[in-house]
Structure formats: C-alpha cells, structure tokens
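Trainee: For the record, the sequence lines run as chains A and B. When you read off a place in the first sequence, starting at 1, and then add 8, the result is the number in my numbering. When you read off a place in the second sequence, starting at 1, and then add 144, the result is the number in my numbering. Every residue gets a Cβ at the ideal spot worked out from N, C-alpha and C, and that includes glycine.
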Amino acid sequence: MAAGAALSEKALRDRIETVLAEVPDPEIPAVSVVELGIVRGVDPEGPSVIITPTYTGCPATIAIEMAIRVALDEAGLEDVAIRTVLSPPWSTDMISDAGREKLRAYGIAPPPKGAEARSLRGADIVECPRCGSTHTQEVSRFGSTPCKALWKCADCHEPFDRFKCH
Amino acid sequence: MSDILFRSLLELGDDSLILAQRLCEWCGQAPSVEVDLSLSNLGLDLMGQATLFLGYAGEVEGKGRDADRLAFHRDAEQFRNCLLVEQPNGDFGQTMARQFLFSTYQLALFEGLVGSTDPRIAEIAAKAVKEVRYHADISADWVIRLGDGTEESHQRMVDGFDWFWRFIDDMFAVDANQRALIDQGVLVDRAALRPAFDARVAEVLAEATLPAAQPVWQVGAGREGRHTEHLSHLLGVMQQLPRAHPEAAW
Numbered sequence: 009m010a011a012g013a014a015l016s017e018k019a020l021r022d023r024i025e026t027v028l029a030e031v032p033d034p035e036i037p038a039v040s041v042v043e044l045g046i047v048r049g050v051d052p053e054g055p056s057v058i059i060t061p062t063y064t065g066c067p068a069t070i071a072i073e074m075a076i077r078v079a080l081d082e083a084g085l086e087d088v089a090i091r092t093v094l095s096p097p098w099s100t101d102m103i104s105d106a107g108r109e110k111l112r113a114y115g116i117a118p119p120p121k122g123a124e125a126r127s128l129r130g131a132d133i134v135e136c137p138r139c140g141s142t143h144t145q146e147v148s149r150f151g152s153t154p155c156k157a158l159w160k161c162a163d164c165h166e167p168f169d170r171f172k173c174h
Numbered sequence: 145m146s147d148i149l150f151r152s153l154l155e156l157g158d159d160s161l162i163l164a165q166r167l168c169e170w171c172g173q174a175p176s177v178e179v180d181l182s183l184s185n186l187g188l189d190l191m192g193q194a195t196l197f198l199g200y201a202g203e204v205e206g207k208g209r210d211a212d213r214l215a216f217h218r219d220a221e222q223f224r225n226c227l228l229v230e231q232p233n234g235d236f237g238q239t240m241a242r243q244f245l246f247s248t249y250q251l252a253l254f255e256g257l258v259g260s261t262d263p264r265i266a267e268i269a270a271k272a273v274k275e276v277r278y279h280a281d282i283s284a285d286w287v288i289r290l291g292d293g294t295e296e297s298h299q300r301m302v303d304g305f306d307w308f309w310r311f312i313d314d315m316f317a318v319d320a321n322q323r324a325l326i327d328q329g330v331l332v333d334r335a336a337l338r339p340a341f342d343a344r345v346a347e348v349l350a351e352a353t354l355p356a357a358q359p360v361w362q363v364g365a366g367r368e369g370r371h372t373e374h375l376s377h378l379l380g381v382m383q384q385l386p387r388a389h390p391e392a393a394w
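1. For Q328/B, count the other beta carbons within 10 Å of its own beta carbon; 16 or more makes it buried, fewer makes it exposed. Which is it?
2. Could you give the residue range of the alpha helix (DSSP H) that holds Q250/B?
3. I'd like the ranges of any beta strand (DSSP E) spanning at least 3 consecutive residues and lying wholly in the segment 132-164 of chain A.
4. For a quick check, are the C-beta atoms of P61/A and K271/B less than 9 Å apart?
5. Exposed or buried, S16/A, counting other C-beta atoms within 10 Å across all chains shown (16 or more means buried)?
6. Would you mind sorting R170/A into buried or exposed? The rule is 16 or more other CB atoms within 10 Å of its CB.
7. Have a look at A343/B and L349/B and give me their C-alpha separation to the nearest angstrom.
8. Nearest by alpha-carbon distance to F246/B: which of E347/B, P175/B and L228/B is it?
9. Could one say the Cβ of D189/B lies closer than 9 Å to chain A's Cβ atoms, at least one of them?
10. From L20/A to P52/A, what distance separates their C-alpha atoms?
11. Is there at least one Cβ from chain A nearer than 9 Å to T195/B's Cβ?
12. Taking all protein chains shown into account, do 16 or more other C-beta atoms lie within 10 angstroms of the C-beta of N225/B, making it buried, or fewer, making it exposed?
13. What does the alpha-carbon distance come out to for the pair T372/B and V78/A?
14. I need the DSSP call for T261/B, collapsed to helix, strand or coil.
15. Do the segment 160-174 of chain A and the segment 189-199 of chain B touch if we need at least three Cβ pairs shorter than 8 Å?
16. What are the boundary residues of the alpha helix (DSSP H) that T62/A is part of?
17. With the cut-off set at 9 Å, would you say Q358/B and F216/B are in Cβ contact?
18. Kindly list the residues whose CB is nearer than 8 Å to the CB of L161/B, restricted to its own chain and excluding five residues on each side of it in sequence; keep chain order.
19. Look up G192/B in the DSSP assignment and say whether it is helix, strand or coil.
20. In chain order, what residues of the same chain lie with their CB nearer than 7 Å to the CB of D22/A, ignoring the 5 residues before and after it?
21. If R277/B sits next to L290/B, beta carbons under 8 Å apart, how far is it from one beta carbon to the other, in whole angstroms?
22. Give a yes or no on contact between the segment 161-172 of chain B and the segment 142-154 of chain A, applying the rule of three or more CB pairs nearer than 8 Å.
23. In the DSSP output, what is V57/A paired with across the bridge?
24. Rounded to a whole number of angstroms, what is the C-alpha to C-alpha distance between T353/B and E146/A?
25. Can you give the Cα-Cα distance for P386/B and D212/B, rounded to whole angstroms?
26. Using a Cβ cut-off of 8 Å, pull out every chain C residue sitting near A270/B, in sequence order please.
27. Excluding the 5 residues flanking N321/B on each side, which residues of the same chain have their C-beta closer than 6 Å to its C-beta?
28. Determine, using beta carbons only, whether P120/A comes closer than 9 Å to chain B.
29. Could you check whether S152/B and G331/B sit closer than 9 Å to each other, using their CB atoms as the reference points?
30. Rounded to the nearest angstrom, how far is the Cβ of I76/A from that of V41/A, given a contact under 8 Å?
31. What is the rounded straight-line gap between the Cα of G304/B and the Cα of E295/B?
32. Please state the DSSP three-state secondary structure of D33/A.
33. Let me know the secondary structure DSSP gives F305/B once reduced to three states.
34. Below 7 Å on C-beta distance, what does L385/B contact in chain A?
Written out as structure tokens, the structure is:
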C-alpha cells in the first residue's frame, strides 16, 4: 500500500507540507514553492496537493509541477495527485513573510503587500536589497522573468531585480 | 449553444495566440534589450491566456482537441482572431500602436469577463486581467513617449496608427448568434465597450500630441474566419514544426 493511503489525514497533511517546504522555485531557488504561495493547500480527499500558477504564461509552471511530483514520489507519496486551480488568482500578497525576507537576502527587492490596491505607476518606495537605500530607480519594467522588473540603486550603484506587485 | 461558446472561446484564445506569435518575432531584434524583454514578456502573458482559453475551447467542443491541437492544426479560415492582431509588426512605432489599441480593448473586455456567469471564463479573466492592465499601461507609455518625442518618432506613430484605424470595428464585432450568451452573462457585449475604448484612446493620443482616430473605411471580418493574407504567412511559420513532425516531443 502506498504511504499516502496508510497515514491519518493529519499525518498525511503534515508529511506533504514538510516535503513541499523543501521544494525550491526553479527560477528563484532561494525560496520554496510554499513560501511563494504557489502551493495553495492539501486536499485530504484524493489526496491531492493544490497549486496555482503565478503568471498565466510563466514557463516555470510545468517545471514547478514536475519538481513537486518528484519530491512527492521520493517521499513515497506517489498516490498524492497534483491539482491546478486558477481561482482566486495568485497575487504577490500570497508570498509569506519568511519568503519576502529570503528574497531580499537573495538580492531581489520583495513586493510590498496590498498589490490589488496600489497604482501600477510605481509611486511606492523601493528599497535596495543590498544597501537598504531608497534612492533607487526603475531601469526596465520587465526583467529576467515575467514576475520581476529591473531596478538600480543610486547609492551603491548595483542593479537589482524587483518582484513586481501582481 | 455549445458550438457558439466554442467559437467565442476561439475568438478569445486566437487573439492572444496570434499576437503572442507576432510579438515574439521581435525577440533578438528590438531596439534595446529592455524593449526586447518587454515584448517577449507581453507575448508570454498572451501565450498563457491562449493556452487557457483554447484548452477550455477544446473541452467545450468535446472532440478531444487540446490547446496545442487547436493552435497548430487549424488553417487560417478556422481562426477567429480579429484582423488587428495578425498585422505585421512594421517598425517599433507600428507595433506599439497595435499593442496599445489591443491591450486597451482587451483590458475593458477582461474587466467585464471577470463577472462572467461561466466560472471558467471568469477565473481565466480574473487571472489575466492583472497582466493586461500592465500591458495597457506600458503600451500607453510608449505611445506618449514616441508621439511626444522627436519629429521622426512622432511621424512613425502617426503612420503606425494610420494603418490600424481600419481594423477597429472588426475587433469589436459581435455575431448575432452570440446574443444569447451575452444575455445570459456568459460573454460581454463588446459593442458596449466601445465608448470607453474610444475615450481612453482619445485621451492617450491627445497626451501624445498625435492626431485623433481617423474615420476610415473599415475592414471585416476576422471573427468569421475571413482574414488578411498575413495570417497564413504567420501560421506557416508557427505551425511548421508540429505539422512536419507530428510526433515530435521535447
């Protein structure tokens, strides 16, 4: 019998969550798929892991699903399915506080909270993830991945990625 | 009714798919790295929308066709995209004129579809509308920057818009058969979005010091599968690989 079916609901949920906390995002490996808010939860019926894409066209979506599949299989949870949902749509508010700190330490300015309410015109202050200066400016609204914009710091002169509010 | 829903989903998916293909033609050729990244990123968002809408279209049709099958194994006359998105890129000014017109239209459309009584359409629109808001914003910025820029950039924006005015009615066209789905709240009445679209376009053109929209003879009817010659050429490139190697996998 596969491990998933042998465990109690609570134990199964804990086990899956522990496994997924170790699965890094393929493009930003400093944070896990759980910290990014891609894993929406565990449904004991099935059982299945519920995930949601960040951007509709994010090419990492398939890689993320494969990474989760591999991690589950390696933990003996072959019978746990993966289900993708779109609603409610992912937003940067779903990135955990721990995830935000890890992004900053990795050199990516994390998005402020409240993505829905804020103007797209970028009126908010962006802090350089390296030196903490707020003397920063946008270089390009699109960066190395769909979720990031390119900024630079006028004090330490380093360019940096900024996680876009979404 | 399901065949009308299928056709309507093709309209949504094909608009995004064809414009994504056009935008990706800029990859490696844009005027700067920043612009290169932005055009490919816009294309990527549109590709995501196309995958979701065409995937749902295939389920509604119920003949086992998935998004890839619909994208790569239909001929031009089976595509339901509007004529605007299939037009060649031209120069960067023309590409940005097209993007601004389309994203402004698509933003109004998706803001309406978020409230669709079809939960699948509503959730795709809710997901995509956030991305489209960014597209509308960035393309308006470029229209203003180029229109209110140098003499040459201004003229290129004038020429770019001049090519596209003839395709606006086609983009908003509604088929009489779609009326029932509009009445049920599944679809949005595109015609009703037109005044807000016209107002937004006029606002940005004025800020860009560009001439107002020109009342020109309107070309139809992409939604009925009658396309300009450009679509076949585009599909020839886009579909070549999966048609030449139907079993290819990577």
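Mentor: Looking at the atomic coordinates:
1. It is exposed - the Cβ of Q328/B has fewer than 16 other Cβ atoms within 10 Å.
2. Annotation for Q250/B: the continuous alpha helix (DSSP H) segment containing it runs F236 to L257.
3. Fully enclosed beta strand (DSSP E) runs of 3 or longer: 144-148 and 156-161.
4. Remark: C-beta atoms of P61/A and K271/B approach each other more closely than 9 Å.
5. Around the beta-carbon of S16/A, fewer than 16 other beta-carbon atoms lie within 10 Å, marking it exposed.
6. Classification of R170/A: buried, given that the 10 Å Cβ count is 16 or more.
7. When rounded, the separation of the alpha-carbon atoms in A343/B and L349/B is 10 Å.
8. Its Cα nearest to that of F246/B, the residue L228/B stands out among E347/B, P175/B and L228/B.
9. D189/B counts as touching chain A.
10. If you take the alpha carbons of L20/A and P52/A, they lie about 8 Å apart.
11. Chain A, which has a Cβ nearer than 9 Å to the Cβ of T195/B, makes this yes.
12. Classification for N225/B: buried.
13. Going by the C-alpha atoms only, they are around 47 Å apart.
14. DSSP, read as helix, strand or coil, puts T261/B in coil.
15. With a cut-off of 8 Å, the segment 189-199 of chain B and the segment 160-174 of chain A do not count as touching, because too few Cβ pairs lie within range.
16. Premise fails: T62/A is in no alpha helix (DSSP H) and is neither H nor E.
17. Cβ atoms of Q358/B and F216/B: not closer than 9 Å.
18. Counting only Cβ-Cβ distances below 8 Å, and skipping sequence neighbours, we find L190, M191, A194, L198, A215 and N225.
19. Helix at G192/B.
20. Excluding residues within five positions, none has a Cβ falling inside 7 Å.
21. Actually they are not in contact, since the Cβ atoms of R277/B and L290/B sit about 21 Å apart, beyond 8 Å.
22. Judged by Cβ distances under 8 Å, the segment 161-172 of chain B makes no contact with the segment 142-154 of chain A, as fewer than three pairs qualify.
23. In the DSSP output, where bridge partners are listed per residue, V57/A has V50/A and I90/A.
24. So the alpha carbons of these two residues sit roughly 25 Å apart.
25. Computed Cα separation, rounded: 9 Å.
26. Of the chains in the structure shown, none is chain C; the protein chains are A and B.
27. In its chain, beyond the 5 residues on either side, I148 have a beta carbon closer than 6 Å to the beta carbon of N321/B.
28. P120/A does not count as touching chain B.
29. The residue you asked about is not Gly; residue 331/B is Leu in the sequence shown. If you check the CB distance, L331/B and S152/B come in under 9 Å.
30. Contact check for I76/A and V41/A: beta-carbon distance about 7 Å, within the 8 Å limit, so the pair qualifies.
31. Computed Cα separation, rounded: 14 Å.
32. Secondary structure at D33/A: coil, using DSSP grouped into helix, strand and coil.
33. Three-state DSSP puts F305/B in a helix.
34. The premise fails here: L385/B is roughly 18 Å from chain A at the closest Cβ pair, so nothing lies under 7 Å.
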